[in-house]
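Colleague: Protein chains in written order, with the working numbering: chain V, 1 to 63; chain L, 64 to 458.
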Ligand SMILES: Cc1cc2nc3c(=O)[nH]c(=O)nc-3n(C[C@H](O)[C@H](O)[C@H](O)COP(=O)(O)OP(=O)(O)OC[C@H]3O[C@@H](n4cnc5c(N)ncnc54)[C@H](O)[C@@H]3O)c2cc1C
Ligand code: SF4
Ligand code: SF4
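So this is what it looks like as structure tokens:
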């Protein structure tokens, strides 16, 4: 979608520890975690940045 | 795999799920419990500290999952004055440090032994609905999708909980009502195996640092920080690393494991049931908002939830009205304390380091008959009346 910022979850194992904190707080329930696979619904996400703050290891970037 | 039918479908095999499944099966229901991970209880997302007074009541026998029994807890103020709570004062609130993987597995074994079918690597991906009621879930296993039909579905999918929201039960929480947590298992540290330690104040805004000993020299060193207090400069890990750097007894240690997760610190939510579905444990936001502990409440509610699930199956009435028996049952046991502790937490998160120091200063060496927010405030009131002004409603 034009105008939407880029959201990136560093989930290749470099940063993300697959803890589910972002999944639980996302107000739109648009993040999915399955063992070591984490994805989010690009279309639903409003880039509210709440998940960025909820991540204990800084694995989510919006910019 | 072709579609399945069962009486009760439990989504999530954590303590709350296993407990619910067990009590539903014990009461004669056919139960399937699905778990998206390949190994129950792993990876651990837990400090592994529990009290022990509730275990017997829900039918959990002590086992090899106990690492050690502590004598008490120590609360450290920002200037590291210490308030010690021994087991007697705390009314059995302190207790065991456990091995969560073993604990969760034991509860799943207990469930399986009374007839629960457990499916691993099986994730619910959406709810099945019929005329507005939940009648099971669509699940995914190794890329294969199939349906599990059940008159009663249980959302026991933990903090992440999507089941409740898929079913239309409002379980969203705000950034004020969540702590973001990180924990290292550390070896070669100077922990004291007699105590669970808690450090309050700016070291962990809106939460605390915990040290739960696993053995001599081995401990869970973790932190919870209120999400609304996280800034772009510092996430939970930054705070925890900073705390460790400032404590030589831990800075010299080695990290052997890192886990994280979210903990809700909200007031009890208004609704935990709907037609065809009940929520239990973290999924129902049952974590104690003051301590962040959720295992006990999940198990206590799980026993009621499973029992009511079986009754609904036998009566053929898996309705929201029938499930009020669970809604009222768990609230009768837990709601008042959850609410009281939420109020206390709301105040605590506003306290300055200076006030924390004063409070702990008063409590140092003070003999409390029974540990409660009320008794603590009464003691503080005697020495620093100005500090307790804000807390008058508790006195
Ligand atoms: C860092 C940290 C430290 C903590 N320390 C303590 C402590 O010391 N003491 C204490 O009492 N509590 C502690 N807690 C809280 C405690 O871990 C939880 O309250 C407890 O695990 C709740 O149990 P539960 O069964 O409700 O959920 P969980 O134990 O989270 O179990 C939920 C299960 O559901 C599965 N699941 C999720 N979604 C799906 C799906 N779609 N399909 C299938 N399966 C699914 C998950 O994989 C998981 O196994 C801590 C929490 C954190 C994050
Ligand atoms: S930015 Fe907001 S809407 Fe998007 S995934 Fe994160 S929490 Fe969800
Ligand atoms: S909160 Fe961060 S570490 Fe946890 S699952 Fe989400 S992106 Fe990964």
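Virtual Cβ for every residue (Gly too), placed ideally from N, Cα, C.
1) Listing by chain order, which chain L residues have their CB less than 9 angstroms from the CB of residue 23 of chain V?
2) Determine, using beta carbons only, whether residue 34 of chain V comes closer than 7 angstroms to chain L.
3) Specify whether the region 1–17 of chain V and the region 37–55 of chain V touch according to this definition: at least 3 beta carbon pairs, one from each stretch, less than 8 angstroms apart.
4) I want to see whether chain V comes within less than 7 angstroms of residue 300 of chain L, judged by CB atoms only; does it?
5) Compute the Euclidean distance between the alpha carbons of residue 465 of chain L and residue 269 of chain L, then round it to the nearest angstrom.
6) Ignoring anything shorter than 4 residues, give me the alpha helix (DSSP H) runs that lie fully in the region 181–248 of chain L, in order along the chain.
7) Can you tell me whether residue 419 of chain L is helix, strand or coil according to DSSP?
8) Interface residues of chain V around residue 245 of chain L at Cβ under 9 angstroms?
9) Evaluate contact between the region 285–295 of chain L and the region 255–275 of chain L, counting only Cβ atoms and requiring at least three cross-stretch pairs below 8 angstroms.
10) Kindly say whether residue 265 of chain L, judged by its beta-carbon, lies nearer than 7 angstroms to any beta-carbon of chain V.
11) Looking at chain A, which residues of the region 35–50 of chain V have a Cβ within less than 9 angstroms of any of its Cβ atoms?
12) Can you give the Cα-Cα distance for residue 292 of chain L and residue 257 of chain L, rounded to whole angstroms?
13) CB residue 241 of chain L to CB residue 181 of chain L, shorter than 7 angstroms?
14) Does residue 130 of chain L come out as helix, strand or coil in the three-state DSSP assignment?
15) So is the beta-carbon of residue 293 of chain L under 6 angstroms away from any non-hydrogen atom of ligand 1?
16) Determine, for residue 92 of chain L, whether the minimum Cβ-Cβ distance to residues of chain V falls below 7 angstroms.
17) Does the beta carbon of residue 5 of chain V sit closer than 7 angstroms to a beta carbon anywhere in chain L?
18) What span of residues does the beta strand (DSSP E) with residue 276 of chain L cover, start to end?
19) Which runs of the alpha helix (DSSP H) at least 4 residues long sit entirely within the region 273–338 of chain L? Give them in chain order.
20) Is it the case that the Cβ atoms of residue 329 of chain L and residue 236 of chain L are separated by a distance below 7 angstroms?
21) Of all the beta strand (DSSP E) runs that stay within the bounds of the region 66–138 of chain L, which reach a length of 3 or more residues?
22) If you measure from the beta carbon of residue 76 of chain L to each beta carbon in chain V, is any gap under 7 angstroms?
23) Classify residue 195 of chain L: buried if its beta carbon has 16 or more other beta carbons within 10 angstroms, exposed otherwise.
24) State yes or no: is the C-beta of residue 59 of chain V nearer than 6 angstroms to some heavy atom of ligand 3?
25) Determine the burial state of residue 275 of chain L: buried for a count of at least 16 other Cβ atoms within 10 Å of its Cβ, exposed for fewer.
26) Can you pull the chain V neighbours of residue 186 of chain L, defined as C-beta to C-beta under 8 angstroms?
Modeller: In short:
1) 222, 223, 224, 225 and 325
2) yes
3) yes
4) yes
5) The structure shown does not extend to residue 465 of chain L, since chain L spans only 64 to 458, so no value can be given for it.
6) 226–229
7) helix
8) 17, 19, 56 and 57
9) yes
10) no
11) Judged by its chain identifiers, the structure shown contains no chain A, and its protein chains are V and L.
12) 32 angstroms
13) no
14) strand
15) no
16) no
17) no
18) 271–278
19) 299–308 and 311–314
20) yes
21) 71–74, 94–97, 112–114 and 129–132
22) no
23) exposed
24) yes
25) buried
26) 34
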